[in-house]
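Q: Attaching a single structure in structure tokens format; questions to follow.
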Amino acid sequence: MTAAVTADAAGDGRGGRRRRAAPGWLLGLAGLAGLVALVEAVPRAGLVKERFLPPFSDMVSALADEAGTGAFWRALLETLRGWAIGLAVATAAGVVLGVVIGGLPPVRAATASTIEFLRPIPSVALIPLAVLLYGTTMRATLLLVVYASFWQVLVQVLYGVRDVDPVARETARSYRFRTLTQVRTVLWPTALPYVMTGFRLAAAVALILEITGELVIGSPGLGKQIAVAQSSGAVASMYALVIVVGLIGVVVNVIVRAVERRVLRWHPSVRREVFS
Amino acid sequence: MTALGLLRRALLLLAMPVVLVAAWWVATAGSTDFFWPPLSTILGTFDDTWFHGRITGDVLPSLGRLAAGYLLALALGVGLGVAIGSVRVLRALLEPVLEFFRAIPSPVLVPILMLFAGIGNGMKILVIVSGCVWPVLLNTVEGVRALDEVLRDTARCYRMRPHSRLVHLVLRGASPQITAGARQALSIGIILMVISEMFAASNGVGFTIIQFQRGFSIPQMWSGIILLGLIGIALSAAFHVVETRVLRWYTGLRRAQREG
Amino acid sequence: MTRIRAALAAASALLLAACGGGGGSSDASDKGPATVKVSVIPIVDVAPVYLGNQQGFFAEQKLKLQFETAQGGAAIVPAVVSGQVDFGFSNYTSLVLARSKGLPLKVVAPGNASTGADKKDFGGVVVKAGSPIKTAKDLVGKRVAVNTLNNINDTTVRASIRKAGGDATNVKFTELAFPDMLAALDKGNVDAVQVVEPFLTTGLKNGGRLVASNYVDTAPNLTIAAYFTSQKTAASKPDLVKRFAAAMRKSLQYADQHPDEVRKVLGTYTKIDPSVASALTLPKFPTQVNSAGLQTLENLAVQDGLIKKAPDVKELLP
Amino acid sequence: MTTAPTGAGTAGTSTALLDVRGLKKVYQGRGRSVEAVRDLTFAVGPGELVCIVGPSGAGKTTLLRCVAGLLDCTSGEVVLEGEKVTGPPRGMAVVFQEYGRSLFPWMTVRQNVERPLKEKRVPKAERRRLVDEALEAVGLAKVHDSHPWQLSGGMQQRVAIARAVAYEPHILLMDEPFAAVDAQTRADLEDLVRSLWQRLGVTVLFVTHDIDESVYLGQRVIVLSNSPTVVLEEVRIDLPDERDQLTTRAEPRFAELRTRIYKLVQQAKDGHRPAE
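Protein chains in written order, with the numbering used here: chain A, 368 to 643; chain B, 11 to 270; chain C, 443 to 760; chain D, 66 to 341.
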């Protein structure tokens, strides 16, 4: 069953999206166009005051103004950088610790309760802590990003390691594979889909925390630009930046899915979905 | 299980947390750093800080909003998810729009939500909904789409009525995914409970912690962070109990499949 | 070191290690300009430091400024105390609060002050056009939005009400960020908002009515905010602090005398619309701390129950 | 032989319970269409047990899904008890090949059997009786509180059969129901179907790819051509109604029929079709 692969994160339809026919694609555009029209019409019709929700066209022209400034691009870069570093650190730490903890039953037993204890601690609870540690620098936000996305990866890797076919593991052991070889040939291939699921979830979480951190703490990036626009009363700019953030999220999601599909092309879980 | 085995289990369960807490205690004992008070000081303020009026004044309002927002998000996510998962046209139409909104961090939406919902509890609940609804919605869509073809056919053959098809086939069939989404939503909900109280609040755990931080009442702030952690743990444990009940069939099925 | 140890205790050791240790800032050395980190809130009030930097006043003192912006004083104080940044900007009440908890802070230069002119200040209480609220006294029993609870703005609004002869304890303050206030006022979520520029100008332009200038009502020429450092920095780098204070004073003076340039510099670090920037009321930029005003704020903090005992004002002042 | 159906051999007459006339099914894909079933005409009389065999890919499942009303046919019609089938008709039960997927895993065995009766609004006491009898008949009375996945494959298929039987259908469709169980279980299940059919007098349309099975079970075997499918030939199974695994399969007549059908299926595989 493919359900196995996504037991926790639940299958985010690696399958269906691809099979979408051309009309579906068009419908999607229609949906977006509808949203745009709505945002244009609601303030124009006076349902919401323009200075609180400007029409879409105002947002676009504000966005064009933004795109003409160096500050915007620097902020964009800062955001992407913080996101990428945080995601990389969280993924690396999550995979390594996940394999170690999951691969060694005694360690797993000893840490299980701690992980269950620490995981639900909300990352925003750490904001004061992050500020105390790192002030309003990028590092404060990085701490939040790493903390939040780390669990996504770790938990998935633990699921993945647990899912290793006992027969395959026994086989490997009976052939006296060295530990590293075991990890490489038995553990890793099984855990890979889970790692990718964790990575995908982490990528989304990391971006959200990056922006939240910038917004709340004031570390450099698009989130801070939003805060600045907000505290200057530049409503159209604020919405323009929010749109940018949303678009980045969509792009990140698309890219990560593409990467996932590429990495897992050989994997039965994907192959099965393709044929199903 | 023997007494010894039980002891072993308890030891495994508690050893690491105890060691960590002890490490924290020792490391901060005698700390003079203003922002890192000794753990003993923090715990010393815990009772004074939280158990004299703040449980009903702050903790319960927070939890109430969380519950309202979370349940609303569940209902909305499952309802929309079933509709979108079942109707292909709807899915195609809404997918990009939903992807876009999902990618916008909820804190950014707060000022916008304020325009529509004011600054009262309604706004805070909406903030929680705006973040919690996505994992539930997307997982429900996938769960509904992943429903077994044969099972669907079976339901049709036996002429199950729409209502009972929804209850006994679609919702139950998608329940593993819905639960997974609900679990993610819960942790997001706690985060947003705190974040929503950063804006226009006059009570709540998050509000209080931030007031402590702004007022430089650092041990109290720490006690708040610990309280948040405990709330998170308690809710996660409660969820686990519900999940185990709801998904008992699923765990059994999966085990059977793995062994078979 | 305790910081790192405590972090370990908080069980995020791994994560912290991965992120590296905390940052510090360079010492004042004789050769070349010393880099100093200044943490400010990107609002009108801090225009002088940006303007002074532009004018080269800091370079004259062999200082190279590096700005870090934060959303509020609450984030700036710890950064200054822990040495993440050398100087910070915060309102007086926050500093008094911090000092009363024993945080080792030292004011190095004033930040900004009320204009002292009633209804012509850079901040005030605004109501909707048709509101029955005419004076500060009418605020009794009403919902008033302030940007942070238990801080300078609610205490000064209370002072305003007292001055007008109202019962200041009977006001419902709601915490709301400045940018969200006008919308909330418009929707009737609150009855009055305490705003500062540029929202004051925007609010009035959109039909709001000014009912009180709370800073003016509190004390004559009330100093609102200040630049500060930690006692540790003040003790270990007295020269650096002196140079910063000197450049700061020069910047404040220049800013006070060149309002047009202040309006222009706003565009470099905020997104305030130029038309609003040219119309808004600028605060005064005094060069001397008004210790009487500071004492007033302290007394208000005690009176309104923010702190139990007022710290000695002298401890804070340079 | 007591309640043996008497309608045997009434194919094509107006007394037929199930009438399939000129059934044609073309799958419309993007840019191409596949003709799965070309022209199928046959009838099943009341109380008859008819087997359908054909080579792999002969469109057996398509045919069955059309008959069951799960699939719209492109042209032609399926008439059940004088009514044209447009959706799953009343009075019909289906047993699918994938027993693991046709039972509701979140229901107990009893709930699985009971569900369709609840849908039919059968009164409680009556429901109870039907379920008990059905479970008794398939030998599962003891495990009614288990979940399907706790049972072996053969037992799961018995649950599906019990569910179908309890539903009291006029016609029972079986789609290769025993293809996925082991040989021993399969023989038991074949006998179960025969005995249930004889006892209850229900009409059975049994699709299989197993030639022996079709001969052993059926009164009549319809051999399909390869795709696009037409009826290649109908074979009457003139074996005595009392059948059992040992003696029946040892009879020379059984061997003859088996050989005959085997040859037909071979021909079908080779692309032989009746004169068109």
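Here a beta-carbon is modelled for each residue, glycine too, at the ideal position from N, C-alpha and C. Computed from a prediction, not measured in an experiment: that's the story for all the values here.
Determine the direct distance from the alpha carbon of Lys-591(A) to that of Thr-712(C), and round the result to whole angstroms.
A: Sequence index remark: in the third sequence, residue 712(C) carries index 270 (1-based). Sequence index remark: in the first sequence, residue 591(A) carries index 224 (1-based). Roughly 11 Å separates the two Cα atoms.
Q: Under 8 Å between C-beta atoms, does Thr-712(C) make it to chain B?
A: Translated into positions along the third sequence, residue 712(C) becomes position 270. Closer than 8 Å: no.
Q: Where are the beta strand (DSSP E) runs, 3 residues long or more, that stay fully inside the stretch 527 to 582 of chain C, in chain order?
A: Runs of the beta strand (DSSP E) inside the stretch 527 to 582 of chain C: 529 to 533, 547 to 555, 565 to 569.
Q: Smallest Cα separation from Gly-89(B): which of Ala-184(B), Gly-128(B), Ile-228(B)?
A: Your numbering for residue 89(B) matches position 79 in the second sequence. Minimum Cα distance to Gly-89(B) is reached at Ala-184(B).
Q: Going by the CB atoms, is the gap between Thr-671(C) and Asp-528(C) shorter than 8 Å?
A: Within the third sequence, the letter at position 86 stands for residue 528(C). Within the third sequence, the letter at position 229 stands for residue 671(C). Yes, the pair counts as a contact, with Cβ atoms nearer than the cut-off.
Q: Just confirm the distance between the C-beta atoms of Ala-676(C) and Lys-756(C), as a whole number of angstroms; I'd bet it's less than 8 Å.
A: Along the third sequence, one-based indexing puts residue 676(C) at 234. Along the third sequence, one-based indexing puts residue 756(C) at 314. Ala-676(C) to Lys-756(C), Cβ: 14 Å. No contact.
Q: Once DSSP output is grouped into helix, strand and coil, what is the label at Gln-230(B)?
A: Against the second sequence, residue 230(B) aligns to sequence position 220. Helix.
Q: How long is the line joining the alpha carbons of Thr-75(D) and Val-115(D), rounded to whole angstroms?
A: Within the fourth sequence, the letter at position 10 stands for residue 75(D). Within the fourth sequence, the letter at position 50 stands for residue 115(D). Here Thr-75(D) scores only 41 on pLDDT, less than 50, and its place in the model is too uncertain to base an answer on.
Q: One question on the structure: do Val-154(B) and Gly-95(B) come within less than 8 Å of each other, judged by their Cβ atoms?
A: As a working mapping, residue 154(B) is identified with position 144 in the second sequence. As a working mapping, residue 95(B) is identified with position 85 in the second sequence. Yes.
Q: Going straight from the alpha carbon of Trp-171(D) to that of His-209(D), what length do you get?
A: Here residue 171(D) refers to the residue found at position 106 of the fourth sequence. Here residue 209(D) refers to the residue found at position 144 of the fourth sequence. Roughly 14 Å separates the two Cα atoms.
Q: Exposed or buried, which one is Tyr-554(C) when buried takes at least 16 other CB atoms within 10 Å?
A: Within the third sequence, numbered from 1, the residue matching residue 554(C) stands at position 112. The sequence given here has Asn at residue 554(C), not Tyr. So Asn-554(C) ends up on the buried side.
Q: Starting from Met-623(C), trace the alpha helix (DSSP H) both ways and give me its first and last residue.
A: Your numbering for residue 623(C) matches position 181 in the third sequence. 620 to 629 is the extent of the alpha helix (DSSP H) around Met-623(C).
Q: Looking at C-alpha atoms only, which residue of Tyr-669(C), Val-658(C), Ile-749(C), Leu-739(C) is the closest neighbour of Gln-730(C)?
A: Position 288 of the third sequence, counted from the first residue, corresponds to residue 730(C). Of Tyr-669(C), Val-658(C), Ile-749(C), Leu-739(C), the residue nearest in Cα terms is Tyr-669(C).
Q: I need the straight-line Cα distance from Gly-608(C) to Lys-584(C), nearest angstrom please.
A: As a first step, residue 608(C) must be located in the third sequence, where it is residue number 166. As a first step, residue 584(C) must be located in the third sequence, where it is residue number 142. Roughly 12 Å separates the two Cα atoms.
Q: Using a cut-off of 9 Å between C-beta atoms, extract the partners of Glu-757(C) located in chain B.
A: For the purposes of this step, residue 757(C) is taken as the residue at position 315 of the third sequence. The premise fails here: Glu-757(C) is roughly 15 Å from chain B at the closest Cβ pair, so nothing lies under 9 Å.
Q: Cβ closer than 9 Å: which chain C residues qualify as neighbours of Arg-193(B)?
A: In the second sequence, the residue the question calls residue 193(B) occupies position 183. Result: empty, since nearest Cβ-Cβ is about 22 Å, beyond 9 Å.
Q: Bridge partners for Gln-187(B) per DSSP, in chain order?
A: Counting from 1 along the second sequence, the entry for residue 187(B) is found at position 177. DSSP, once it has assigned bridges, lists no residue as partnering Gln-187(B).
Q: Taking just the CA atoms, how far does Thr-503(A) sit from Gly-585(A)?
A: Translated into positions along the first sequence, residue 585(A) becomes position 218. Translated into positions along the first sequence, residue 503(A) becomes position 136. Their Cα atoms are separated by approximately 6 Å.
Q: Given the structure, does Thr-42(B) come close to the ligand ATP, in the sense that its CB is under 7 Å from one of the ligand's heavy atoms?
A: This structure does not include the ligand ATP; it has no bound ligands of any sort.
Q: Would Ser-693(C) pass as a contact of Pro-475(C) if the rule is Cβ separation under 8 Å?
A: By one-based count along the third sequence, residue 693(C) stands at place 251. By one-based count along the third sequence, residue 475(C) stands at place 33. No, the pair does not count as a contact, with Cβ atoms beyond the cut-off.
Q: Residue range of the beta strand (DSSP E) that Cys-116(D) falls in?
A: Residue mapping note: residue 116(D) aligns to position 51 of the fourth sequence, counting from 1. Unbroken beta strand (DSSP E) run through Cys-116(D): 114 to 118.
Q: Using a Cβ-Cβ cutoff of less than 8 Å, which residues in the same chain neighbour Arg-162(B) once the five nearest sequence positions on both sides are dropped?
A: Taking the first residue of the second sequence as position 1, residue 162(B) is located at position 152. Around Arg-162(B): Leu-179.
Q: Taking only the alpha-carbon atoms, compute the straight-line gap between Val-204(B) and Gly-79(B) and give it to the nearest angstrom.
A: Taking the first residue of the second sequence as position 1, residue 204(B) is located at position 194. Taking the first residue of the second sequence as position 1, residue 79(B) is located at position 69. Whole-angstrom Cα-Cα distance: 13 Å.
Q: Any beta-carbon of chain C closer than 8 Å to the one on Ala-367(A)?
A: In the structure displayed, chain A extends from 368 to 643; residue 367(A) sits before or after that span and is not available.
Q: When the Cα of Val-599(C) is compared with those of Ser-573(C), Gly-630(C), Gly-565(C), Phe-620(C), which residue comes out closest?
A: Mapped onto the third sequence, residue 599(C) falls at position 157. Residue Gly-565(C) is the option with its Cα nearest to Val-599(C).
Q: Tell me whether Ser-50(B) is buried or exposed, calling it buried when 16 or more other Cβ atoms sit within 10 Å of its Cβ.
A: To locate residue 50(B), count along the second sequence from 1; it is residue 40. Per the 10 Å Cβ criterion, exposed.
Q: Give a yes or no on contact between the stretch 132 to 152 of chain D and the stretch 193 to 205 of chain D, applying the rule of three or more CB pairs nearer than 8 Å.
A: Contact fails: fewer than three Cβ-Cβ distances are below 8 Å.
Q: Tell me the rounded alpha-carbon separation between Val-203(D) and Thr-126(D).
A: Translated into the one-based positions of the fourth sequence, residue 203(D) becomes position 138. Translated into the one-based positions of the fourth sequence, residue 126(D) becomes position 61. Looking at the two C-alpha atoms, the distance is approximately 25 Å.
Q: Just the C-alpha distance for Lys-674(C) and Phe-686(C), rounded to the nearest angstrom, thanks.
A: As a first step, residue 674(C) must be located in the third sequence, where it is residue number 232. As a first step, residue 686(C) must be located in the third sequence, where it is residue number 244. So the alpha carbons of these two residues sit roughly 15 Å apart.
Q: Do Leu-507(C) and Val-538(C) come within 8 Å of each other at the CB atom, strictly closer than that value?
A: As a first step, residue 538(C) is located in the third sequence; it is residue number 96 there, counting from the start. As a first step, residue 507(C) is located in the third sequence; it is residue number 65 there, counting from the start. Contact: no.
Q: What does the Cβ neighbour count give for Thr-590(C), buried or exposed, with the cut at 16 atoms within 10 Å?
A: Start at 1 with the first residue of the third sequence, and residue 590(C) comes out as number 148. Label assigned to Thr-590(C): buried.
Q: From Tyr-534(C), Ser-678(C), Gly-514(C), pick the residue whose C-alpha is nearest to that of Gly-525(C); which is it?
A: As a first step, residue 525(C) is located in the third sequence; it is residue number 83 there, counting from the start. Of Tyr-534(C), Ser-678(C), Gly-514(C), the residue nearest in Cα terms is Ser-678(C).
Q: If I measure Cβ to Cβ from Ala-448(C) and keep anything under 7 Å in the same chain, skipping five residues before and after, which residues do I get?
A: Position 6 of the third sequence, counting from 1, holds the residue named residue 448(C). Low confidence applies to Ala-448(C): its pLDDT is 39, below 50, so where it sits in the model is not reliable, and the reading given next is rough at best. Excluding positions up to five away in sequence, the list is empty.
Q: Excluding the 5 residues preceding and the 5 following Met-66(D) in the sequence, name in chain order all residues of the same chain whose CB lies nearer than 7 Å to its CB.
A: Your numbering for residue 66(D) matches position 1 in the fourth sequence. Note that Met-66(D) scores a pLDDT of 36, beneath 50, so its modelled location is shaky and nothing firm can be said.
Q: For Ser-733(C) and Leu-664(C), I'd like the C-alpha separation in whole angstroms.
A: Looking up residue 733(C) in the third sequence gives position 291. Looking up residue 664(C) in the third sequence gives position 222. Cα-Cα distance, rounded: 9 Å.
Q: Taking the alpha helix (DSSP H) that Glu-577(A) belongs to, which residues open and close that run?
A: Mapped onto the first sequence, residue 577(A) falls at position 210. 555 to 584 is the span of the alpha helix (DSSP H), which, as asked, contains Glu-577(A).
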